[in-house]
Every structure is written in C-alpha cells, then in structure tokens.
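In terms of the numbering used here, the sequence shown opens at residue 31 and continues consecutively.
Have a look at the structure below, then the notes.
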Amino acid sequence: MTFGGKKELVLKQRTEILHALCSSGSAELLERILDILLAHGELIWEEYQDIQVPVLPEAQGVGLSFSGCCSNLEEKKKYQGTSTQILLTQRPSLVSQLQGCIDGALKALVISGHFSSADCDDVRLPIHTPSQQARRFLDHVRSKGELAAKVVLQFIQQKQESGSQLNEDTVTPPKELFKYQKKLSSSVSAQSCFLSTYGGTSHMSLDDIYTEGQLELSHECVDVHGPLGVEDIVGTAGTMNKEADTVLVSGDAGSGKSTLLQRLHLLWARGAALQDFLLIFPFSCRRLNSEHRELSVQELLFQHCCWPDREQEEIFQFILDHPHLILFTFDGLDELKQSFSDEHRLCCPTQRAPVHILLFNLIQGSLMKGVRKVVTSRPEAVGPVLKKHLRKEAFLKGFSPSGIDYFVRKHHRDPTVAAKVLESLQTNTALLGLCHSPVLCWIVSQCYKELLGCGEGSPQTITDVYLMILQHFFQHQSSQSTLGIGWLQENLETVLHLGQLAFEGIATSCYIFTDRDLETCGVTEKDICMGFLIQSKDMSSTHSQRYEFLHVTLQCFFSGLYIVLSNDTDRSTIPKLFEPKGMREADLRSTCFSACLPSTYQQEQVLEGESTAVETLNLQITATFVSGLLSQRHQSLWIHCCPSAVIEKRAKQVVRCLSKGMQKHFKSIPQPVEGEKKSMHAMPGFVWLIKCIYEMQESRIAKDAMSKLEVDHLKLTYCKIGPVECTALAYVLQHLKNPVGLQLDNNSVGDVGVEQLLPCMHICNSLYLRNNNITDEGIRKLIAKGVQCDNFQKIALFNNQLTDACTQHFSHLLKTKQDFLSIRLGNNNITAEGAKQLAEGLKFNHSLQFLGLWGNEIGDAGAEALASALESSKSLVWLSLVGNGVGSAGACALANIIKNSTSLEELWLTENCITRTGVECLIQALKHNTHVKSIWLRNNYLSLEEVEEMAQRESRLVF
Ligand code: ADP
C-alpha cells in the first residue's frame, strides 16, 4: 500500500481507530503509538509534548493535533547521532527495557549529577504505570540534555553486558543473603570509613578528606574523554576485552589506589554506588601474603572478608549462580610475593589451593567467571601475561592542581591556615609538583606548621618532605613545644629500630610485621607510639596483632635511613642498591641484604624463588631516599648520629653509582644512521637515576652526568613523567652541553610540569608535548620563557586542552622570534577566533615552515584569516588544516597562498567540507605554482565523478 493509500485508510476508519485507542480505559495503546511515531520521526518533539496523554487530573489534554506529518529537518540534524537521538529512535524498546529498573537508572542519574531528588519523585509518582514511569523518565532525561542521555544509555548497556536481566525483579536472592549482605556491608563500611594519620592514635574520616584523583584510561581509548569517576571503574568505558572480568587500576606508590578502593567500598556499603553488585568482597594482597594455608574460594571469601552466620552453602551457591552480581577487589597485586602467572589452572571453586593460585585463577576467570574483579597495582609490576586477562586498565595519576587545592582546604578546617598552606605551595613550585602525589600532599598538609615556619629552607625534594614528616611525628609525641637541633640524635634509637625493620622488610617483600619481627629488630612500645607503624587492618580476626608502616614509601624511607646510619650494613649495600640488574635478581638478597637478615627470612626467600617487580620498585624508592639523605645539605643532620667519615664514604659511593648508572645508559645509545640525528630513547631506570641526582641537589653531579651525554634528540615518551619528574629532568638537563629535541609525548606533564620544565628550556630546540593535559595557562608560561630562548624553534602540542585563549601567546612568539620553525597544535579546541589571533602573528613572521592545526574547528573564517596572513609567506613549507570544517570559501582563500608562495610544498585539507567550487580555485592556483607537491583532499564534499575528473586535470591533488 502506498503512503497516500495508508493515509486515506486512517481517515476513513478514524472513528474505529479512536474507539480502539480509547476503549481499553488506559492510555497505554495511544502512548505506544506515540512512541513509535516519535521513534520514526513522524512526530516531532514539540508536537508530542502538545498531545501528551493527560494522566494527572489537573493536566490539560490538548487532544490530537498532528500539525505536520514530516519531521523537522533542523531538529533532526541537531540531534543526529547523539545519545538524545538514540533515546528517541529506540524509545519503544527503551520503554519496555526500563520497566523494572527505573530505580537503578534514576540512581545513575543522581550520581552523575543530572537528576535532583525532585526529578526522581516526579518520575516515581505512584499514579503512573511502570511504562508511564519509563516514558516520563525518558522525557525528563531529554530535558536534561545530551550528557544525561549518555548516562542512561551507558546504564542500559552495562545492564545488558553484565548479563543481568534488566528487570531486577527476576533475581530473587535467598533471605539469608540479605542478612549476609548487611553483615558484609557493615564490616566493609567499618573498614573503609577512616584513614590512619598517626599510627593507631588518630583517624581521619574518609568523607572529610576524600578528593577525586585523576583517573584516566589509556591514551588509545579515544572514545572516552574527561576524567573517570568511581563508578566508571566497573563501567563499560574503555573496555578492551569484553570476555575478561578483571579491571586494573594502576598508579605509583602513594597515588591513591588503596584510598580509591576504600572509597568504592564505602560508597557501596552505604548504597550510594555500585548497587548492581549485591556483594563486594575486598581483599588486600599484602594481607593475603600472610595466609599460608591452602583454601577453597568459599573459604577465601568467608574467612578473609565476612563469615555468614547461617546457610553458608546456600549463600555460596547464590554467588556461583549469579556471578554478575558479585565484585571482588584486590588491592596491591604488586605486593603479592608471587608474580602473576597463568600456568597453574584451577577451575573448581571447592578445590583448595595456595591463595596466590586462587587469586591468579580468579583474575583470569578460570575460577568464578563473570564475577567482576578490580585489581590495583603499580604499573611496573604488571607484565604482559596479566595484561592478556584484563578487561580494561585505568591509570590513577594523583591529584590535579584543583585537587590539591580541594584536599588542602578539606584537610584544614581553618580557612586561613588552608590559604596560607596553598600560598606557600604556590611560591614553591617544586613542592607543588610533589603534591600531585596524594601521599605527599597529605604529608605536606600534615606538616603545615613546619612548612610555614621554613621560609627559605622550604622542602624541595621528596627526601625533604619525608624528613619533615619524620620531624613532625617526633614533635607530635614530644612533650616539648619545639624540637631542638639534636632531634634526630634524641630519636636515633627509634630510627634505627624502625629502619632495620623496614630494611629487612623491603629486602624480603615483607610489609606486615608480627610481634616477633618487631622484637628481632628491637622495636619497642615507645617506637610504635611514634606513629610510623599502624596496626594492620584485617577483616578476618584470626591473626594476632600485626603492624605495617603507614605507607610503603615510609617503609622505603626508614630503609634508606638505616642504610645511611647503620653500622651493620655491608659495604656493598649501596652499590647493589643502585645496580638495576642486580636488583631484579635474587642475588641482591642473598649477597647483600640478607647478610644482615635473620635466618628465618633467608629460608623464606629460598622457598619463595623468583622475586617480584615491586621489590625493584621499592629498592628504587629506597635508593632515591639514600641519595637525598646523603646529599651535602643534610649532612649536618647526621652529626652525632654516625661518624662523618662513614657518611662521607657512603655519599661518595652514591655519587659514583649515579655516574656509573648514567654512563651505562649513554653507552646503550646506538650510533645514528648517516644523515640522521643521534637519538636516545630513555631506557627503564633513566628517569629514576635523574630523580636520584635531583634528590642530591648538587649541581656539580648533574653537570658531571650531563657532560658525557651527546645526543640531538632525547625521547622520553610514555615514561610516566608528571610534574615531579619534570622538576628533576629540568634540574639535570639544563646542564646539557648541546641543544636537544626533548620529546615528552604521552606523559602527564600538565601545566605544573610545564612550569617545572622552564629551567631547561634554553637547551631545547624542539619541545614535543603531545598528549599531556596542558591548558592555555601552561602555554602562557611556556611561551613567556620560550621567547627568551635562542635555541627554541619547534613545538608540538597535539591533543592537549588548548583553546583560543592560547593563540595570542603563539602570535606573540611568531612576532618575536624570527627563527621559529614549527608550531603543531592538532586536536585541540581552536576556533576561527584562535586562527585569527594566530594570523596576527603570522603576518609578521618570516621563518615559520610548519603549521599544523589538524582536528580543530577553525572553519572558513579561520582559514581565510590564515590564508590572508600567509599569502606572501616565503618560509611556509607545510600547512595542515585537516578536519577543521573548512568549506569552499576557505579553500578559495587558501588558493591565494598557492598562487603566490614559492615555498609551500604540502597542503593538507583532508576531512573538510570543500565542494567542487573550492577545488576549482585550488586547481586554478596550481597553474601558477610549480613548488607545491601535493594537496590532500580526501573526504570532502565531492562526488566520485568529480573526484575522478579533477584528479585527471591536476595530478597533485590527492583524493
Ligand atoms: P597507594 O595505594 O597508591 O600507595 P594510598 O591510597 O595508600 O596510595 O594513598 C596514600 C595516602 O595518600 C593516603 O593515606 C591518604 O592520606 C592520601 N590519599 C590518597 N588518595 C587520596 C584521596 N583520593 N583523597 C584524599 N587523600 C588521599
């Protein structure tokens, strides 16, 4: 039947249809038809709103009035491909899918901040049927905008993926399960609501202090932008392998991994997040190390997390039957004594096995397939074998600059104190850089009195910060109001006892200590009271009292103190500590550290076999502290604590090790291919050595290290370089003899990091900072310095957060530096306004050869401005305006550059909206130009025939 025929039929049978629609006494049928019409675009939104079926007595029904049967084109275009449009086109099926899980969907919107409780009440009005609730819900979502629509689609997708029925009512857990859930959540809540501050003596509520860290997916995940929230950890965003169950959250020591899990647990226990999971089982790998029995999965869950009072079998069966309702978390996989391996397979949940085997099989999914697992680890400890089994990986990158601000304000209730602390951080950017690490931010905030009293001597290095906390804790326990200069000597015994415990622990991957361990190292009750040790939290109460350091980095610090101050360490301790190869091998422990270890530790080591990557990491952190502690500026601290000859000898050893370590790196640089630049890609350990040199704060050491480095290009991509690393890099690299290209792509430099790099800008001829979270503010500072640097000629900033506000600075750079060669600003948010600003600078510049603006939004107006500025350029060789919404007007303007230019070789205009008219202009211009080699025009608004014809006319056009 034709459309005309159908319309006629509807008109003819109008009476019957109306009767059929209304006779049931419910509006359901009519509403369903409206859903379908909306979905097909036969009814536009405004019309739908006009004819909405009145369900509330006071609502005014307007009757049916289809004002037009064709869709509004403009409206359609606006929403094309958006989540809002998907909500519309899928409306009929969404209405039925949402019934029964409206509560979950509402919660998702409340958490994401799109719905208020009034919105929820409105949707939930008891007068609505479930399907009407679903429709009302969808209508509300539409009014909240695109982001809200996205949240709904994600929610539904998650539901589908987790295999859970959208209709929550279909799962009916046994009654006992709810009792168990209550017990588990109160136990989880009790474990999660506080952070320790001074040993067992002081606590801080997580709610009072929790600050969002920067959680990001890998750079390859282009589908997700912006920071992730706690819920996103188990959400679909960034999924690489749908078949895998394990999500990895990786981050450096102190980046907040445990705290993030703690937050996640607490939110679940309170019913504020992750409510798709009926049960969450949290594990600490550190604690699992002490489990020497063989266990079944059931025993692992119930004994290590929470014991069901009744019906254990029934509850466990429910867990097995509904894996998608269960979440396991494993904190600190790197601290497990055994490295991950997938060799020993186990499939039966009742079979007993050593805990690490259980854990590895859970992660792989050979045990408890479908249960979602969240694992945290330091990234270095994650090998390819584990990566194979990951659903996705998120990186925790510490606090953002605003996070630091927020944390300090939360930490200090008194706003004047908070303001003072923040002010002093602003004046010491090296310290500000350190505060991106949450653990250091906490220390700095905790020690604010010392910090504010420091003046000139305010901390610069990580060692300085830890020395500050050492002093602070002693002060906290001391009856005197201030500690005298001999504070270290007064507390030397404690330092040595705790140092030995820490040192032996690091050497044996031991982070939890028994009474016996404490006794062996002479740790007394008084030492414990200082607060550096805390009682180990354990959900199972079977263990006797155990202790751990407040944070693993504090254990490394004490270990460093011990190496510096103890009479008992071997002469080879320091060389071994700095020898990266030795650190990965068991011989370190047998030849160096274990010499001073009690025999029980040694036996354990022999039994354990291979060492894990975390040992290397902890030894590296320890070595960094040893460098800092032995620097000249701290030597007065050791007077009366250790003979100065010994300290001097040890300091010399460190300097020698650092110099040797650097040499090794330089030797690994391959000779350049003829005609190419000599390039060095940082090997593992390079950044660490640089950080050790920085800790020493002796420029002659930095100078000496750099005197032997001869490269043209230094590549440090994907090296996890944040602000802290930038400080150290700049400190060392500023002593390079010859200018280099410094490539720092794909790191987390950020604005603070940019500021830290300024001291070495003068030796950079090119600076590559692609993908580094840099904003206009960072650029402002960078260019202010850059214009003063003679060597500085190229900059690449692809994929940062730049807007039009940064272009005035580039304009200034172009006007000021007549030897600048290349500016690449691809994939930022620069519009026509920004392009106009750039053009202002370009008009006065005679040197720029490369200009890249790929993936911005400069449009025709922007292209015209650039074209007019570059019309008579004698230097420009390469110009890219790929994907910038440039149409024919822009192309015609650009043709003017081609007409006049004697230098331009390539023009990239792929993925724009240029039509035949624009290309004609380019063809005409090319007639006057023999220099241009190619103009790229793929994916523009051209038909196949046009492409064919024009390609024949001008072979330099690439379609
Ligand atoms: P990791 O597990 O990565 O080593 P932690 O979670 O133990 O790091 O963090 C170390 C310390 O840093 C915590 O004890 C806490 O004081 C502080 N911290 C970490 N993350 C946060 C956060 N998100 N909000 C507030 N403080 C935090």
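The beta-carbon is built from N, C-alpha and C at its ideal position, and this holds for glycine as well.
Item, Value
"T459 beta carbon less than 7 Å from that of E785", "yes"
"Which of helix, strand or coil DSSP assigns to V988", "strand"
"Within 7 Å, strictly: CB atoms of L14 and S216", "No answer is possible for residue 14: the residues shown for the chain start at 31 and end at 989."
"L878 - DSSP class collapsed to helix/strand/coil", "coil"
"Spatial distance of Q127 from R62 (CA atoms)", "14 Å"
"The stretch 903 to 916 contacting the stretch 937 to 945, beta-carbon criterion three pairs below 8 Å", "yes"
"Identity of the residue in E176, F167, L60 and A135 nearest Q115 by Cα", "E176"
"Close beta carbons around T457, own chain, < 6 Å, minus the five adjacent residues each side", "none"
"Three-way DSSP call (helix, strand, coil) for W517 in this model", "helix"
"Neighbourhood of V582 by C-beta, 6 Å cutoff - its chain only, sequence neighbours within 5 removed", "A283"
"Where P414 sits in the DSSP three-state scheme", "helix"
"For K707 and E740, believed in contact at Cβ under 8 Å, the rounded distance", "Not quite, the Cβ-Cβ distance comes to about 11 Å (not below 8 Å), so this is no contact."
"Simplified DSSP assignment, three categories, for F145", "coil"
"Sub-7 Å separation of L420 and L294 beta-carbons", "no"
"Neighbourhood of R121 by C-beta distance below 6 Å, restricted to the same chain and skipping five residues each side", "D65, L68 and A69"
"Proximity to A837 [Cα-Cα], best of Q818, N859, L987 and L416", "Before going further, note that residue 837 is Thr rather than Ala in the sequence given. Checked all of Q818, N859, L987 and L416; the closest Cα to T837 is N859."
"DSSP-derived helix/strand/coil call for P789", "helix"
"Three CB pairs or more closer than 8 Å across the stretch 599 to 609 and the stretch 484 to 499", "no"
"Selection from L60, H233, V201 and Y240 that minimises the alpha carbon distance to Q162", "L60"
"Under 7 Å between C-beta atoms of A955 and K929", "yes"
"Cβ-based neighbour list, T491, same chain, cut-off 6 Å, excluding 5 preceding and 5 following", "G658 and E725"
"Where the beta strand (DSSP E) containing K824 begins and where it ends", "K824 to A826"
"For V140 and A303, the rounded distance between their alpha carbons", "10 Å"
"At least 3 beta-carbon pairs within less than 8 Å: the stretch 359 to 378 vs the stretch 336 to 347", "no"
"CA-to-CA distance, E246 to A921, given in whole angstroms", "38 Å"
"C-beta atoms of A681 and L660 nearer than 7 Å", "yes"
"Residue burial classification, F208 (beta-carbon count within 10 angstroms, cutoff 16)", "exposed"
"Cβ-based burial, R402 [other Cβ within 10 Å; buried from 16]", "buried"
"Reduced DSSP category for T380 - H, G, I as helix; E, B as strand; rest coil", "coil"
"Among K873, D372, E453 and W472, the one whose alpha carbon lies nearest that of K417", "D372"
"Span of the beta strand (DSSP E), counted from its first residue to its last, around M498", "Per DSSP, M498 belongs to no beta strand (DSSP E); it is in the alpha helix (DSSP H), I492 to Q507."
"Meets three-Cβ-pair contact criterion under 8 Å: the stretch 551 to 567 and the stretch 524 to 542", "yes"
"Nearest candidate by alpha-carbon position, reference C131, set D306, T112, K815 and C223", "D306"
"Delimiting residues of the alpha helix (DSSP H) encompassing Q127", "R121 to L128"
"Whole-angstrom distance between A712 and L719, CA atom to CA atom", "11 Å"
"Three-state class that DSSP yields for Q575 in the structure shown", "coil"
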